[in-house]
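Engineer:
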Amino acid sequence: MGRDSVQFQCHHCGHCCTEVVCLPTPWDVVRIVRDTGFNPYDFLEFLTPDEITGVDEGDPSWLSVGGERYMMALRRDAKGCFFLDKKTRYCSIYESRPILCRLYPFKLEETRDGAFKGFSLHTDVGCPRNRDGKVETAPLYALYLEDSGHHSDYDDLVEVFNRDAYSGKKPEDFIELFVEVPKKHRKRHEKGEVSPKLAIRE
Ligand code: SF4
Ligand code: SF4
Numbered sequence: 011m012g013r014d015s016v017q018f019q020c021h022h023c024g025h026c027c028t029e030v031v032c033l034p035t036p037w038d039v040v041r042i043v044r045d046t047g048f049n050p051y052d053f054l055e056f057l058t059p060d061e062i063t064g065v066d067e068g069d070p071s072w073l074s075v076g077g078e079r080y081m082m083a084l085r086r087d088a089k090g091c092f093f094l095d096k097k098t099r100y101c102s103i104y105e106s107r108p109i110l111c112r113l114y115p116f117k118l119e120e121t122r123d124g125a126f127k128g129f130s131l132h133t134d135v136g137c138p139r140n141r142d143g144k145v146e147t148a149p150l151y152a153l154y155l156e157d158s159g160h161h162s163d164y165d166d167l168v169e170v171f172n173r174d175a176y177s178g179k180k181p182e183d184f185i186e187l188f189v190e191v192p193k194k195h196r197k198r199h200e201k202g203e204v205s206p207k208l209a210i211r212e
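The sequence shown begins at 11 in my numbering and counts up by one.
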């Protein structure tokens, strides 16, 4: 059994919600849509390799459209993530936020034979790494395993999408593989209008 806690406390400096691109999995997107009703066409964007750093060319999550590569990300502007409350500087979907956000800035440590060792703090992601708190590692590890499973399914979905070639294909079409969005909401997005919340079916 690995270390059961890591010393850290988030001081809500906002760095990870303004300077870091968040890459959700389709399962994160489904949870956000289900919990908040936001239109995924509004809160997602698809970045080209020159708009994102730190993702290998061979990463299986790259979508392929017309010979160009795209990575699904949470939309952001100069003030930060789509979901960052610009007044309070807190996440407006905290309970539903992507697993990647929950794991930031923790880094999994494993033994040579792949057994769980604990978590440390990433040194190169810009977090000030304040050590005046204590975070239990068991829930972090459970999240890590859940995210790993989602990534494996994500890769399968990308493979299906990349195999499909048709006229007018856009990276946004990937959304339709895991969320059903009414046409009128897509049209509003294309016209640059903000969509009303989606009706959520339980
Ligand atoms: S979803 Fe929330 S926690 Fe994640 S980057 Fe956006 S504002 Fe920050
Ligand atoms: S960068 Fe670190 S301290 Fe700042 S908001 Fe993110 S997790 Fe908290």
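Cβ coordinates follow ideal geometry from the N, Cα and C atoms, glycine included.
In this text, all values refer to a predicted model and were calculated from it rather than measured experimentally.
(1) Per DSSP, what kind of secondary structure is residue 187 in: helix, strand or coil?
(2) Measuring straight from C-alpha to C-alpha, what distance separates residue 162 and residue 156?
(3) For residue 24 versus residue 79, is the C-beta spacing smaller than 7 angstroms?
(4) Would residue 43 be called buried (16 or more neighbouring beta carbons within 10 Å of its own) or exposed?
(5) Relative to the C-alpha of residue 27, which candidate in 104, 58 and 194 has its C-alpha closest?
(6) What is the rounded straight-line gap between the Cα of residue 34 and the Cα of residue 183?
(7) Taking 8 angstroms as the threshold, find out whether the segment 14-24 comes into contact with the segment 142-150 through three or more Cβ pairs.
(8) Give the straight-line distance between the Cα atoms of residue 30 and residue 135, rounded to the nearest whole angstrom.
(9) Between the Cα of residue 108 and those of 143, 120, 93 and 121, spot the shortest distance and give me the residue it belongs to.
(10) What does residue 117 pair with, by DSSP beta-bridge criteria?
Structural biologist: According to the data block:
(1) Sequence index remark: in the sequence shown, residue 187 carries index 177 (1-based). Here residue 187 sits in helix by DSSP.
(2) Taking the first residue of the sequence shown as position 1, residue 162 is located at position 152. Taking the first residue of the sequence shown as position 1, residue 156 is located at position 146. Cα to Cα, residue 162 sits roughly 10 angstroms from residue 156.
(3) Indexing the sequence shown from 1 puts residue 24 at position 14. Indexing the sequence shown from 1 puts residue 79 at position 69. In terms of Cβ geometry, residue 24 and residue 79 do not form a close pair [threshold 7 angstroms].
(4) Numbered from 1 along the sequence shown, position 33 holds the residue referred to as residue 43. Buried: at least 16 other Cβ atoms inside 10 Å.
(5) Position 17 of the sequence shown holds residue 27. That would be 104, whose Cα lies nearest to the Cα of residue 27.
(6) As a first step, residue 34 is located in the sequence shown; it is residue number 24 there, counting from the start. As a first step, residue 183 is located in the sequence shown; it is residue number 173 there, counting from the start. A direct Cα-to-Cα measurement between residue 34 and residue 183 gives close to 16 angstroms.
(7) These segments touch.
(8) By 1-based counting over the sequence shown, the position of residue 30 is 20. By 1-based counting over the sequence shown, the position of residue 135 is 125. When rounded, the distance between both Cα atoms is 8 angstroms.
(9) Position 98 of the sequence shown, counting from 1, holds the residue named residue 108. That would be 93, whose Cα lies nearest to the Cα of residue 108.
(10) Residue mapping note: residue 117 aligns to position 107 of the sequence shown, counting from 1. Under DSSP, residue 117 shares a beta bridge with 130.
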